[in-house]
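This report refers to the structure that appears directly beneath it.
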Amino acid sequence: MRAFYHPEQAGHDPLQYMRFGRVVMPKDLPERTARLLGALDRHGIAPEEPGYAGMAPILAVHDAGYIDFLETAWDEWQQLPEAERGPEVWPATFPYWSGRPEQPTRGPCPASGFLGRLGWYLGDMSVPMREASWPSIRRSAMTAIAGADAVAGGEPAAYALCRPSGHHARADRGSGFCYLNNSAIAAERLRSRFARVAVLDIDVHHGDGTQQIFYHRPDVLTVSVHADPSNFYPFYTGYAGERGTGAGEGANLNLPLAPGSGGDAMLAAIATAAEAIKAHGTEALVLALGFDAHAADPIGALTLQAADFEAAARAIRALGLPTLLVQEGGYAIEVIGDCLDAFLTGFR
Ligand SMILES: [Zn+2]
Numbered sequence: 000m001r002a003f004y005h006p007e008q009a010g011h012d013p014l015q016y017m018r019f020g021r022v023v024m025p026k027d028l029p030e031r032t033a034r035l036l037g038a039l040d041r042h043g044i045a046p047e048e049p050g051y052a053g054m055a056p057i058l059a060v061h062d063a064g065y066i067d068f069l070e071t072a073w074d075e076w077q078q079l080p081e082a083e084r085g086p087e088v089w090p091a092t093f094p095y096w097s098g099r100p101e102q103p104t105r106g107p108c109p110a111s112g113f114l115g116r117l118g119w120y121l122g123d124m125s126v127p128m129r130e131a132s133w134p135s136i137r138r139s140a141m142t143a144i145a146g147a148d149a150v151a152g153g154e155p156a157a158y159a160l161c162r163p164s165g166h167h168a169r170a171d172r173g174s175g176f177c178y179l180n181n182s183a184i185a186a187e188r189l190r191s192r193f194a195r196v197a198v199l200d201i202d203v204h205h206g207d208g209t210q211q212i213f214y215h216r217p218d219v220l221t222v223s224v225h226a227d228p229s230n231f232y233p234f235y236t237g238y239a240g241e242r243g244t245g246a247g248e249g250a251n252l253n254l255p256l257a258p259g260s261g262g263d264a265m266l267a268a269i270a271t272a273a274e275a276i277k278a279h280g281t282e283a284l285v286l287a288l289g290f291d292a293h294a295a296d297p298i299g300a301l302t303l304q305a306a307d308f309e310a311a312a313r314a315i316r317a318l319g320l321p322t323l324l325v326q327e328g329g330y331a332i333e334v335i336g337d338c339l340d341a342f343l344t345g346f347r
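According to numbering that gives the first Met the number 0, the stretch in the sequence shown is residues 0 to 347, in order.
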């Protein structure tokens with residue numbers, strides 16, 4: 000199996016985020032990439048560095064104003080008074096926004112000044128940015144694009160070691176440790192070769208950004224298996240009643256699991272997802288592969304063990320589809336390598 004990763008993706012090194020009313024240590028540590036690379040090495044897989052595919056594949060799913068913001072946020076932050084500004088770009092105000100799943104991009108930000116755009120484009124306090132953030136974010140998307148191109152070129156499967164993750168990023172907003180939606184960018188890229196694509200997301204958190212990006216479209220099915228969002232991030236979407244809208248009606252499926260659910264519940268949900276993926280006429284699959292459903296995850300809500308990812312991989316492999324694996328979350332540093340190791344064992 001071909002795999003993709005660029006060392007620049009480890010440059011993003013956030014200092015903080017806010018949880019339970021406290022500024023705490025970040026969870027998306029650069030060391031995550033080292034653990035995942037270790038698992039690839041145990042399988043004899045040497046990742047290739049992605050080339051630079053330009054901005055067009057990113058702008059195919061993201062709003063141009065948002066991308067302009069991400070590109071220049073660090074430089075604009077430097078214009079704030081030195082004695083008063085913090086060590087990283089961090090929003091403090093947020094716009095009123097309905098949060099309804101059928102709401103598409105919001106149009107241009109009404110505020111032209113930096114602080115207004117900061118609150119508009121960074122949707123919560125888990126997406127700080129430092130000097131190396133944008134280069135990492137962009138490289139992470141290039142890794143997804145390279146993986147998609149490999150699958151579009153005939154590879155039966157490829158793994159994109161994306162970091163930062165992407166599935167919470169909406170067309171015009173970053174949140175939940177995510178800035179560019181790597182899985183959505185890859186799915187859109189695969190559409191150039193395959194008429195019908197599906198994204199299956201098994202990260203413990205609902206893939207709200209991916210859902211939003213394709214919510215109006217019939218050609219890309221989005222399916223997410225995740226912990227029930229009624230008391231769990233991202234809270235406002237991820238419910239079973241969200242089925243898509245307009246031409247996309249029926250092309251979104253959410254399979255929320257009760258908090259504390261384990262491998263059996265995950266496998267049952269994947270079986271349901273598999274039926275929907277077949278019924279869609281899917282020709283290629285993007286698997287948004289998070290490992291934060293593991294019982295040891297510090298911000299998780301489910302109780303999977305590493306071996307459960309092996310079983311999940313077998314079920315997904317049985318679909319027999321060209322498949323791009325896109326790395327999403329997973330914050331238990333001591334187990335994420337074992338999770339990828341188990342997944343690859345089941346998948347290959
Ligand atoms: Zn997650």
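For glycine and all other residues, C-beta sits at the position ideal for the given N, C-alpha and C.
Option nearest residue i by Cα separation, candidates the options
i      : options                        : result
ILE212 : ALA250, ILE201, ASN230, VAL224 : ALA250
GLY165 : LEU189, ALA157, ARG137         : ARG137
ARG172 : ARG192, GLU187, LEU121, PRO233 : LEU121
ALA183 : GLN77, GLU241, ALA292, LEU323  : LEU323
ALA283 : LEU320, HIS5, ILE57            : LEU320
PRO163 : ASP67, ALA131, GLY20, GLU81    : ALA131
CYS161 : ALA331, LEU343, GLY345, VAL325 : VAL325
ALA168 : ALA149, LEU286, ILE57          : ILE57
ARG289 : VAL22, ASP263, GLY329          : For clarity, residue 289 is Gly in the given sequence; the question names Arg instead. That would be GLY329, whose Cα lies nearest to the Cα of GLY289.
LEU256 : ALA273, GLU309, PRO228         : PRO228
PHE19  : GLU274, PHE308, LEU339, TYR232 : TYR232
GLY175 : THR209, ASP263, ALA156, GLY153 : THR209
GLU309 : HIS5, ALA275, ARG347           : ARG347
PRO80  : GLU333, PHE3, LEU114, ARG188   : LEU114
GLY259 : ALA294, VAL22, ILE269, GLN8    : ALA294
ALA170 : ALA156, GLU187, PRO155         : GLU187
ARG21  : LEU39, MET124, GLY85, THR142   : MET124
HIS5   : SER135, TYR214, ASN181         : SER135
ALA33  : GLY152, VAL224, PRO46, MET24   : PRO46
VAL354 : ARG105, LEU254, GLY118, THR104 : Residue 354 lies beyond the stretch modelled for the chain, which goes from 0 to 347, so this question has no answer here.
HIS11  : ARG84, MET128, LEU35, PHE3     : MET128
ALA226 : LEU303, GLU154, CYS108         : LEU303
C-alpha distance - residue i paired with residue j, whole-angstrom precision
i      : j      : result
VAL222 : ALA110 : 35 Å
ILE201 : ILE298 : 15 Å
PHE193 : ARG316 : 18 Å
MET54  : HIS61  : 10 Å
GLY280 : ALA197 : 9 Å
THR271 : LYS277 : 10 Å
ILE144 : ALA185 : 5 Å
ALA246 : PRO29  : 40 Å
GLY206 : GLU241 : 12 Å
LEU199 : VAL285 : 6 Å
THR236 : TYR158 : 27 Å
ALA72  : THR344 : 41 Å
ASP67  : GLY50  : 21 Å
ILE332 : ALA147 : 27 Å
ASP340 : GLU248 : 37 Å
GLY349 : GLU274 : Any answer about residue 349 is impossible in this case: the structure gives the chain only from 0 up to 347.
ASP337 : GLY261 : 17 Å
LEU360 : TRP76  : Because residue 360 is not part of the residues shown, which for the chain are 0 to 347, the question remains open.
ALA82  : ALA91  : 18 Å
LEU266 : ASP296 : 19 Å
VAL334 : ASP263 : 20 Å
ALA216 : PRO100 : A small correction: the amino acid at residue 216 is Arg; Ala does not occupy that position in the sequence shown. So the alpha carbons of these two residues sit roughly 13 Å apart.
LEU156 : ARG1   : Note that residue 156 corresponds to Ala in the displayed sequence, not to Leu. Taking the straight line joining both Cα atoms gives about 7 Å.
LEU220 : PHE93  : 30 Å
ALA63  : PHE342 : 36 Å
Buried or exposed (CB count within 10 angstroms, at least 16 for buried), residue i
i      : result
GLY43  : exposed
ARG190 : buried
ALA305 : buried
LEU301 : buried
VAL126 : buried
VAL203 : buried
GLN102 : exposed
LEU69  : buried
TRP96  : exposed
ASP291 : buried
ARG116 : buried
GLN78  : exposed
ALA9   : buried
TYR178 : buried
ALA239 : exposed
Beta-bridge pairing of residue i - partner residues as DSSP gives them
i      : result
ASP12  : Partner(s): none; ASP12 has no beta bridge.
ASP200 : SER223, ALA287
ALA157 : ARG1, LEU323
ASN253 : SER223
LEU189 : BP columns for LEU189 are empty, so no partner.
VAL23  : TYR16
ARG47  : Just to set this straight, residue 47 is Glu in the shown sequence, not Arg. According to DSSP, which records beta bridges pairwise, GLU47 is partnered with PHE3.
VAL88  : MET128
HIS166 : Per DSSP, none; premise fails for HIS166.
ARG172 : ARG169
HIS61  : Paired residue(s): none; HIS61 is not in a bridge.
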